[in-house]
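Residue numbers (the numbering used here): 2 to 317.
Beta carbons are placed, not taken as given, at the ideal position from N, Cα and C, and that holds for glycine.
Only a predicted model underlies this, so the values are computations on that prediction, with no experimental measurement involved.
Step one of this worksheet: look at the structure below.
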Amino acid sequence: MWGLVRGQANPRVRHLRQLLGDVHLVRGDLLDQGSLIAAVEKVQPDEVYNLAAISYVPMSWQQAELTGEVTGLGVLRVLEAIRVCSGISASRSPGRGQIRFYQASTSEMFGQVNQSPQNEQTSFHPRSPYGVAKVYGHLLTQNYRESYGMFAVSGVMFNHESPRRGAEFVTRKVSLGVAKIKLGYERQLRLGNMHASRDWGFAGDYVRAMQLMLARDEPADYVIGTGVTHTVEELVDQAFRAAGLEWRDHVVTDAAFIRPAEVDRLCADPTKAREELGWEPKIGFEELVSMMVDADLALLAASGGAEGDSFGTDSW
Ligand code: F7E
2 MWGLVRGQAN PRVRHLRQLL GDVHLVRGDL LDQGSLIAAV EKVQPDEVYN LAAISYVPMS
62 WQQAELTGEV TGLGVLRVLE AIRVCSGISA SRSPGRGQIR FYQASTSEMF GQVNQSPQNE
122 QTSFHPRSPY GVAKVYGHLL TQNYRESYGM FAVSGVMFNH ESPRRGAEFV TRKVSLGVAK
182 IKLGYERQLR LGNMHASRDW GFAGDYVRAM QLMLARDEPA DYVIGTGVTH TVEELVDQAF
242 RAAGLEWRDH VVTDAAFIRP AEVDRLCADP TKAREELGWE PKIGFEELVS MMVDADLALL
302 AASGGAEGDS FGTDSW
């Protein structure tokens with residue numbers, strides 16, 4: 002297995018090696034076409050998973066152009082690297098071998114929804130530069146499949162979480178906040194819109210869906226989610242209760258975390274994935290939240306409360 006790493010002396014490499022001991026690393030950057038061609042040439046992969054992006058929605062307003070470059074045009078550069086290295090020309094002949102490509106698309110493409118739950122036919126109305134860039138990557142993946150006959154597929158993933166989630170995202174911000182309050186390091190947790198609803202699932206289940214998608218005989222796109230939605234307030238309630246705390250004693254709403262345009266409610270209809278991939282999520286909402294709170298309690302107990310200090314406090 003290979004992972005693409007960008008930058009010089011990237012500080013995340015050490016962390017990556019701790020998590021994935023046997024992963025090989027290759028240099029490359031989604032902003033640099035030549036580096037991606039060189040990486041594909043070197044690795045000669047059977048499958049390519051493009052999970053790289055600027056993925057924090059609030060950042061996409063602060064750095065909208067960079068988000069377009071990385072999250073949107075980055076998909077074009079990866080597809081082009083695969084096309085060039087496979088010897089595929091505009092004639093739609095599959096060329097040498099058949100590298101299978103997975104694009105990480107997102108429920109943020111649905112945005113202001115006109116149908117609930119959302120399935121593969123639901124139209125897009127993204128609400129952030131991030132969502133707009135992801136629509137570009139999604140449509141381009143479909144276009145390369147249609148133009149060149151490439152095995153290129155897109156998974157429309159709803160929010161997927163785990164103890165490895167960055168602390169700027171609400172699930173981890175809450176689980177870390179709960180752990181800090183429980184262990185006496187902090188008293189308060191400041192959050193934005195408590196009324197937004199998300200379909201939260203466990204990241205491990207979603208990675209399994211990605212692999213199933215690339216193992217199919219024919220390329221196709223799938224919506225991946227649990228089909229169950231909860232508000233941020235329900236998430237908060239669940240997390241505080243998991244630690245024996247009452248959230249109303251600690252949570253303060255702060256306008257600094259309210260977004261310029263919000264996605265109010267998302268809920269997946271994963272029927273196609275269930276029927277064609279045989280995919281079902283194994284971990285439900287309550288188990289997921291408890292897993293994250295327990296992991297952060299253990300992490301903070303081991304680190305003396307230092308973990309996560311620099312995260313989760315940035316407003317958009
Ligand atoms: O926000 C609300 C916030 O930042 C969830 C990314 O992986 O999933 C993720 O995008 C909700 C929003 O995730 C805070 O307004 C309230 O309504 O955890 P989030 P996201 O924006 O849904 C999709 C599928 C992706 O593709 C993205 O890459 O929670 N919320 N208070 C807050 N959110 C944050 N981050 N911090 C707060 O204090």
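For methionine 158, which three-state DSSP category applies?
The residue given as residue 158 occupies position 157 in the sequence shown. The answer is strand: DSSP assigns methionine 158 an E or B state.
Close Cβ partners of glutamate 281 (< 7 Å) along its chain, the five nearest in sequence each way excluded
Indexing the sequence shown from 1 puts residue 281 at position 280. Contacts found: Arg275.
Measuring CB atoms only, is the segment 54 to 67 touching the segment 12 to 23, in the sense that at least three cross pairs come out at less than 8 Å?
Of all C-beta pairs linking the segment 54 to 67 to the segment 12 to 23, fewer than three are shorter than 8 Å, placing the two stretches out of contact.
Along the beta strand (DSSP E) that carries alanine 105, what are the first and last residues, could you check?
By 1-based counting over the sequence shown, the position of residue 105 is 104. Alanine 105 -> beta strand (DSSP E) spans 101 to 107.
Can you find a heavy atom of the ligand F7E that lies under 7 Å from the Cβ of alanine 303?
Within the sequence shown, numbered from 1, the residue matching residue 303 stands at position 302. Outside the cutoff, so no.
Per the contact definition of three or more C-beta pairs closer than 8 Å, is the segment 224 to 236 in contact with the segment 154 to 172?
yes
Per DSSP, cross-strand counterpart(s) of arginine 199
Sequence index remark: in the sequence shown, residue 199 carries index 198 (1-based). His231, per the DSSP bridge assignment.
For methionine 110 and histidine 139, which I take to be in contact (beta-carbon distance under 8 Å), what is that distance rounded to the nearest angstrom?
In the sequence shown, the residue the question calls residue 110 occupies position 109. In the sequence shown, the residue the question calls residue 139 occupies position 138. With a Cβ gap of about 6 Å, methionine 110 and histidine 139 count as contacting.
At the level of alpha carbons, what is the spacing between valine 154 and aspartate 218?
One-based indexing of the sequence shown puts residue 154 at position 153. One-based indexing of the sequence shown puts residue 218 at position 217. If I take the Cα positions, the gap works out to 12 Å.
When the Cα atoms are used, what is the spatial distance from leucine 184 to aspartate 255?
On the sequence shown, residue 184 is found 183 positions in, with the first residue counted as 1. On the sequence shown, residue 255 is found 254 positions in, with the first residue counted as 1. Spanning the two alpha carbons is a distance of roughly 23 Å.
Cutting at 6 Å between CB atoms, please list the residues of its own chain near leucine 215, excluding the five before and the five after it.
Counting from 1 along the sequence shown, the entry for residue 215 is found at position 214. Cβ neighbours of leucine 215 beyond the five flanking positions: Glu48, Arg101, Tyr103.
Endpoints, the alpha helix (DSSP H) within which glutamate 288 is located
Position 287 of the sequence shown, counted from the first residue, corresponds to residue 288. Start and end: 286 to 304.
Just tell me which of Arg84, Gln99, Pro130 has its CA closest to the CA of glycine 320.
Since the first residue of the chain shown is 2 and the last is 317, residue 320 is not available in this structure.
Inter-residue spacing [alpha-carbon to alpha-carbon] between leucine 74 and isoleucine 38
Your numbering for residue 74 matches position 73 in the sequence shown. Your numbering for residue 38 matches position 37 in the sequence shown. Answer to the nearest angstrom: the Cα atoms are 15 Å apart.
Can you tell me the Cα-Cα spacing of asparagine 115 and proline 127, whole angstroms?
Here residue 115 refers to the residue found at position 114 of the sequence shown. Here residue 127 refers to the residue found at position 126 of the sequence shown. Those two C-alpha atoms are separated by around 12 Å.
Contact defined as beta carbons within less than 8 Å: I believe tyrosine 145 pairs with leucine 192. What is the distance between those atoms, to the nearest angstrom?
As a working note, residue 145 is residue 144 in the sequence shown. As a working note, residue 192 is residue 191 in the sequence shown. 40 Å between Cβ atoms; not a contact.
Using CA atoms only, rank isn't needed, just tell me which of Trp248, Pro12, Thr107 is closest to threonine 72.
Your numbering for residue 72 matches position 71 in the sequence shown. When only C-alpha atoms are compared, the closest one is Thr107.
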